[in-house]
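Note sheet for the following structure.
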Amino acid sequence: MQQNNSIRQGDTRYWMLLTAAISMTIPFLANAQTDHSQHAAQDEHAGHDGGRDELGRRLYGMKHQMSPELTAELRQKIPLFAKYTDAQMNLSMEQMGEDYSWYISPADLHAGQGVLILLHGFREQGDKLFRERVQPIGDVLPTALGVGMAMMMSEHIQLALDDLQAAGAKEVVVVPIVSSTHDEMYRQWEYVLGRRAEASYATVGQV
Numbered sequence: 002m003q004q005n006n007s008i009r010q011g012d013t014r015y016w017m018l019l020t021a022a023i024s025m026t027i028p029f030l031a032n033a034q035t036d037h038s039q040h041a042a043q044d045e046h047a048g049h050d051g052g053r054d055e056l057g058r059r060l061y062g063m064k065h066q067m068s069p070e071l072t073a074e075l076r077q078k079i080p081l082f083a084k085y086t087d088a089q090m091n092l093s094m095e096q097m098g099e100d101y102s103w104y105i106s107p108a109d110l111h112a113g114q115g116v117l118i119l120l121h122g123f124r125e126q127g128d129k130l131f132r133e134r135v136q137p138i139g140d141v142l143p144t145a146l147g148v149g150m151a152m153m154m155s156e157h158i159q160l161a162l163d164d165l166q167a168a169g170a171k172e173v174v175v176v177p178i179v180s181s182t183h184d185e186m187y188r189q190w191e192y193v194l195g196r197r198a199e200a201s202y203a204t205v206g207q208v
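Here the sequence shown stands for residues 2 to 208, numbered as in this note's numbering.
Rendered as C-alpha cells:
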C-alpha cells in the first residue's frame, strides 16, 4: 500500500509540474498563424509518407537524410562536426533517435485548444513511458508529441500541428520539455515555430 501511495504521489507531482509548464507557455504560440504552405519545400524530409504505425506514430523509424548542403551547414554551426568526415557525420546522424509525431488523444475528442509537447526523446521505451505519464492531458485536450531535436527536419512538428487542427484546435499551447531556454534545441524549436529568425541547426522549414 505504501508503494502505491508513493506512485500516486509521484504521478501527482508530475501532473502539477507539467500543468505549470503549460501555463507558462501559453503566450508562446497562442496567437501563431498557421499558414504553412510556403515552408514545406525547405525541409529535407518533406514529402515523406506521413502514415501512422500500429501505435499511431508518424515518421517513426524514418532515417535521417544528409545532403551536401545540410552537411556543410551543420559543420558550420556545430563545433563538434567541424572536423568530421562525411562518413563520421552520417554515422553520428544514424545513431540519433528518430524525429516523429505521436497524436495521443482519442479519435473522437475535439476541442478548440490543443497541446503540442516538444521533447528530445528518450528512445522507444522511454517515449512510451512519457506518453503514459502525459496521457491524462491527452484524454482532456487534443494532444500531440513532437519528438526529436528538429536538427535536420521539421515535418514531424508540422504533422503534429495538423493532427491538432484536425481535432478542432484553433489555439495551440506549446510545452517544450527542456531544462533551459538557452538550450540550442529549444532555440531550434523556436525557429521552427517562427519565433526566432535563425536556426540553431539546419535551416529547416518553419511551420
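Ideal placement from N, C-alpha and C gives every residue a C-beta, glycine not left out.
- Around the C-beta of E70, fewer than 16 other C-beta atoms lie within 10 Å, and the residue is accordingly described as exposed.
- Judged by their CB atoms, Q114 and A170 are nearer to each other than the 8 Å cut-off.
- The shortest CA-to-CA distance from P107 to any of F123, G62, D164, S181 is the one to D164.
- Distance from the CA atom of Q189 to the CA atom of G57, rounded to whole angstroms, is 25 Å.
- Judged by their CB atoms, V173 and L117 are nearer to each other than the 8 Å cut-off.
- Here T182 is exposed: its Cβ has fewer than 16 other Cβ atoms, across all protein chains shown, within 10 Å.
- At a Cβ-Cβ threshold of 8 Å, S155 and G206 count as neighbours.
- Within the same chain, M67, T72 come within 8 Å of D87 by CB-CB distance, once the 5 residues on both sides are set aside.
- For the 8 Å CB-CB criterion, A200 and Y192 form a contact.
- Your pair G149 and D100 checks out as a contact, with CB atoms roughly 3 Å apart and the cut at 8 Å.
- Across the structure, A112 and K84 are spaced so that their CA atoms are roughly 49 Å apart.
- For T144, the enclosing beta strand (DSSP E) stretches over residues 144–148.
- The closest CA to that of I158, considering only F123, F131, L119, A167, is found on L119.
- Counting along the chain, no alpha helix (DSSP H) covers P107, and no H or E run does either.
- Straight-line spacing of the CA atoms in L75 and D128 works out to 26 Å.
- Selection W103, A151, F123 evaluated against G139 yields W103 as nearest (Cα-Cα).
- A residue is called buried when at least 16 other Cβ atoms come within 10 angstroms of its Cβ; P177 meets this threshold and is buried.
- Burial check for V141: the Cβ neighbour count within 10 Å stays below 16, so the residue is exposed.
- Short of 8 Å from the beta carbon of S93, and not among the five residues preceding or following it, lie these beta carbons of its own chain, in chain order: F82, Y85.
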